[in-house]
Amino acid sequence: MSKGTPALIGWLGVVVLVLVLIGGVALAVTAPTKLAKQGIWEAFWQSLMRILDPGTVTGDGPVWVFRLLSLGVTFGGILIFSALIGVLTTGLDAKLAELRKGRSRVLESDHTVILGWSDQVFTIISELAEANSNQRKAAIAILAPKDKVEMEDEIRAKVPDTKTTKVVCRTGDPIDPDDIRLVNPDASRSIIVLQSEEDDPDAHLIKTLLAITNAPDRRPEPYHIVAAVSSTANLPAAKLAGGQETHLVDISDVTARLIVQTCLQSGLSVVHSSLLVYEGDEIYMQEQPQLVGWTFGDILHAYRTSSVLGLVSNGKVALNPPMHTRMQPGDQVVAISEDDDTVVLAPHPPMIDPNAIMAVHGQPSAPERTLILGWNERAATIMRELDAYVPRGSETLVVSDRDDAGVHVAEIAPLLRNTSANIKGADGVDRAVLDALNVGSFNHVIALSRDDLEPQVADSRNLVTLLHLRDMERQIGDRFSVVSEMADDRNRTLAQVTKADDFVVGDKLISLLMTQISENRRLADVFGDLFDPDGSEIYLKPAGYYVRLGMPVTCYTVVEAARRRGEVAIGYRLAAQAHQPPAYGVVINPDKAQQVVFTPEDRIIVLAED
Numbered sequence: 008m009s010k011g012t013p014a015l016i017g018w019l020g021v022v023v024l025v026l027v028l029i030g031g032v033a034l035a036v037t038a039p040t041k042l043a044k045q046g047i048w049e050a051f052w053q054s055l056m057r058i059l060d061p062g063t064v065t066g067d068g069p070v071w072v073f074r075l076l077s078l079g080v081t082f083g084g085i086l087i088f089s090a091l092i093g094v095l096t097t098g099l100d101a102k103l104a105e106l107r108k109g110r111s112r113v114l115e116s117d118h119t120v121i122l123g124w125s126d127q128v129f130t131i132i133s134e135l136a137e138a139n140s141n142q143r144k145a146a147i148a149i150l151a152p153k154d155k156v157e158m159e160d161e162i163r164a165k166v167p168d169t170k171t172t173k174v175v176c177r178t179g180d181p182i183d184p185d186d187i188r189l190v191n192p193d194a195s196r197s198i199i200v201l202q203s204e205e206d207d208p209d210a211h212l213i214k215t216l217l218a219i220t221n222a223p224d225r226r227p228e229p230y231h232i233v234a235a236v237s238s239t240a241n242l243p244a245a246k247l248a249g250g251q252e253t254h255l256v257d258i259s260d261v262t263a264r265l266i267v268q269t270c271l272q273s274g275l276s277v278v279h280s281s282l283l284v285y286e287g288d289e290i291y292m293q294e295q296p297q298l299v300g301w302t303f304g305d306i307l308h309a310y311r312t313s314s315v316l317g318l319v320s321n322g323k324v325a326l327n328p329p330m331h332t333r334m335q336p337g338d339q340v341v342a343i344s345e346d347d348d349t350v351v352l353a354p355h356p357p358m359i360d361p362n363a364i365m366a367v368h369g370q371p372s373a374p375e376r377t378l379i380l381g382w383n384e385r386a387a388t389i390m391r392e393l394d395a396y397v398p399r400g401s402e403t404l405v406v407s408d409r410d411d412a413g414v415h416v417a418e419i420a421p422l423l424r425n426t427s428a429n430i431k432g433a434d435g436v437d438r439a440v441l442d443a444l445n446v447g448s449f450n451h452v453i454a455l456s457r458d459d460l461e462p463q464v465a466d467s468r469n470l471v472t473l474l475h476l477r478d479m480e481r482q483i484g485d486r487f488s489v490v491s492e493m494a495d496d497r498n499r500t501l502a503q504v505t506k507a508d509d510f511v512v513g514d515k516l517i518s519l520l521m522t523q524i525s526e527n528r529r530l531a532d533v534f535g536d537l538f539d540p541d542g543s544e545i546y547l548k549p550a551g552y553y554v555r556l557g558m559p560v561t562c563y564t565v566v567e568a569a570r571r572r573g574e575v576a577i578g579y580r581l582a583a584q585a586h587q588p589p590a591y592g593v594v595i596n597p598d599k600a601q602q603v604v605f606t607p608e609d610r611i612i613v614l615a616e617d
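Right, dumping it as structure tokens:
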């Protein structure tokens with residue numbers, strides 16, 4: 008019994024053989040004259056036939072002893088085959104149960120491995136499916152300490168269409184090297200490590216990285232691992248565990264930067280999302296031998312349906328390099344395009360209207376006041392990042408009823424160069440508190456999602472806060488930008504009624520970023536530059552700074568106007584569509600021959616130093 012179904016079937020075979028032999032001898036002795044004359048082998052055959060086919064007894068002769076022995080052999084056959092059916096059924100059930108446990112080894116190759124389980128997995132699977140839609144046999148292998156069938160059911164419910172991508176789930180512990188082997192990491196093209204839902208996710212992440220990189224029988228070639236740390240303080244330890252083959256995303260730092268940049272520039276979160284998703288236009292890097300010797304400024308006009316961001320030279324990415332930079336042999340163009348095969352040179356010269364180009368420069372920025380409602384682990388980083396962007400003399404006020412918020416603000420305040428920081432101990436959801444703050448005197452309002460509450464509860468509180476803010480804005484008539492951090496992207500649709508300027512869903516953006524890097528490791532440098540306050544970043548500037556308003560102008564003309572300012576234009580935002588999902592008025596990588604009529608409220612999306 009302990010040796011399983013094959014052993015039981017073998018024993019039943021032995022019983023059949025014994026029954027055939029005994030039955031054959033008995034039948035040969037008692038058989039009618041005709042059968043007796045045919046010999047012992049015919050008796051064995053008749054015994055086997057009675058075991059296999061109970062109907063054989065109907066042809067037996069009138070000898071009752073022979074009939075009774077035949078009936079006995081037939082009953083023995085019925086019992087044996089009944090037992091065989093039971094054994095096969097039990098064995099099949101056991102095999103199916105074993106398969107449900109997800110403990111068999113994955114046979115796929117050149118696949119993406121996902122270690123761990125969280126809500127991020129659905130965004131990642133959806134994006135990978137979109138990225139792999141032009142491949143016939145793409146695969147994703149997931150290893151998590153969760154029931155295999157339960158994982159598959161959740162994936163089918165949240166991501167019903169995985170296109171050409173096969174998703175395979177296995178049950179196991181991501182910190183166990185033996186379990187990791189189930190998803191065949193040695194044959195994978197990339198490995199994504201998700202944040203654990205445990206109390207200390209970074210500790211679990213570091214263990215997982217050690218289990219991958221230090222497995223005794225791992226492949227000699229380096230892995231391509233992408234992981235995210237929740238606390239900046241744990242980044243050095245994670246780097247040691249992952250080594251050179253791991254790219255780490257600092258969740259707190261990246262989310263804080265996105266919140267600050269979006270706070271200062273309405274619509275920026277939509278731009279970032281557009282660049283991070285695979286549906287629509289993406290970022291590609293390609294060699295263009297025809298452009299060798301061209302300056303970067305000239306290359307900006309070389310494409311009609313692609314928008315150039317920068318160059319890759321000697322393996323280093325440079326976004327918006329000086330316009331006089333010449334492309335060298337082996338250099339690559341970094342461009343936004345619909346697909347890699349659409350990064351093609353324009354067949355006709357650019358259509359530029361010099362008379363439509365304006366040369367208006369903005370006034371020096373005045374000190375700004377920012378109101379931060381709520382507190383979480385990213386708030387301190389947000390204050391530091393905000394200090395790097397705003398003019399000297401600016402002010403930041405934090406409103407939070409958390410006890411630790413005051414301690415953190417007191418620690419950060421002396422380190423800020425351009426900003427004075429203060430705190431008010433109160434609940435930012437309370438309308439009376441908001442009324443007393445004179446919200447209309449602030450330029451920007453940031454509503455943070457509390458990390459000490461359940462995501463749905465935190466988002467519900469933010470929705471109430473946003474409703475209060477918009478009602479106050481309508482009453483006092485003062486316009487201020489409102490940016491809300493959301494824990495769950497599904498609540499973004501509900502929040503549209505508040506007409507906030509932007510929503511930053513940290514987990515979703517981090518998931519998109521990890522997916523992009525898993526597909527192309529060099530994109531880590533591109534997005535790192537875009538999110539870094541040093542160097543060129545994405546700005547949304549008034550259209551009137553670049554072209555004449557109220558008249559049709561081509562996007563070629565917009566690109567030329569930006570080029571003369573040392574900037575790269577990659578799109579625009581129409582204010583009339585700012586509250587219309589899914590693009591919210593943002594157009595990335597437009598056809599440069601397309602004509603657009605801009606209004607004073609419209610914005611040009613550019614890569615610029617400031």
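Counting from 1 along the sequence shown, just add 7 to a position and that's the residue number in the numbering used here.
Idealized CB from N, CA, C, for every residue including glycine.
- Classified as exposed, residue 448 has fewer than 16 neighbouring CB atoms from the shown chains inside 10 Å of its CB.
- Listed in chain order, the non-local C-beta contacts of residue 172 below 7 Å within the same chain comprise 135, 136, 139, 145, 146 and 147, local neighbours out to five positions each way being set aside.
- Just so you know, the alpha carbons of residue 336 and residue 220 end up roughly 36 Å apart.
- Collapsing the DSSP output to three states places residue 552 in a helix.
- Taking C-beta atoms as the reference points, residue 304 and residue 570 count as a pair closer than 8 Å.
- A check of alpha carbon separations from residue 384 across 414, 298, 48 and 367 identifies 414 as the nearest.
- Fully enclosed beta strand (DSSP E) runs of no fewer than 3 residues occupy 451-454 and 488-493 of the stretch 431-506, in order along the chain.
- Its Cα nearest to that of residue 155, the residue 111 stands out among 204, 111, 168 and 191.
- Taking all protein chains shown into account, residue 530 has 16 or more neighbouring C-beta atoms within 10 Å of its C-beta and is therefore buried.
- The C-beta of residue 514 has 16 or more other C-beta atoms within 10 Å across all chains shown, which makes the residue buried.
- By the neighbour-count criterion, in which 16 or more other beta carbons inside 10 Å mark a residue as buried, residue 599 falls on the buried side.
- In the DSSP assignment, residue 292 falls outside any alpha helix (DSSP H) and within the unbroken beta strand (DSSP E) covering 289-294.
- When rounded, the separation of the alpha-carbon atoms in residue 579 and residue 312 is 15 Å.
- Residue 319 is positioned such that its CB atom lies closer than 8 Å to that of residue 339.
- Closest option to residue 88, judged by alpha-carbon separation, among 123, 23 and 120: 23.
- For residue 406, the enclosing beta strand (DSSP E) begins and ends at 401-406.
- Of the candidates 472, 547 and 258, the residue whose Cα lies closest to the Cα of residue 595 is 547.
- Boundaries of the beta strand (DSSP E) harbouring residue 253: 253-257, taken from the DSSP string.
- Contact check for residue 237 against residue 258 passes: the beta carbons are separated by less than 8 Å.
- For residue 90, the CB contacts under 8 Å within the same chain, skipping 5 residues up- and downstream, are 19 in chain order.
- The alpha-carbon separation between residue 523 and residue 283 amounts to approximately 7 Å.
- The DSSP-derived three-state label of residue 523 is helix.
- Using a Cβ distance threshold of 8 Å, residue 584 and residue 573 do not count as a contacting pair.
- Residue 163 carries a helical assignment under DSSP once its states are collapsed to helix, strand and coil.
- Taking the CA atoms as reference points, residue 396 sits about 8 Å from residue 540.
- Of the other Cβ atoms in all chains shown, 16 or more fall within 10 Å of the Cβ of residue 543; this residue is therefore buried.
- Sixteen is the threshold: since fewer than 16 other Cβ atoms of the shown chains lie within 10 Å of the Cβ of residue 17, the residue is exposed.
- With a cut-off of 8 Å on Cβ pairs, the stretch 258-267 is not in contact with the stretch 323-331, counting fewer than three such pairs.
- Secondary structure at residue 113: coil, using DSSP grouped into helix, strand and coil.
- In the structure shown, the three-state DSSP call for residue 264 is helix.
- For residue 610, DSSP records a beta bridge to 549 and 580.
- DSSP, read as helix, strand or coil, puts residue 276 in helix.
- If you compare the alpha carbons of 469, 288 and 317 with that of residue 347, the shortest gap goes to 288.
- Ranked by how close their Cα comes to the Cα of residue 203, the residues 250, 211 and 197 have 211 in first place.
- Residue 291 holds the alpha-carbon nearest to the alpha-carbon of residue 532 among 291, 226, 603 and 97.
- Residue 614 has its alpha-carbon roughly 17 Å from the corresponding atom of residue 367.
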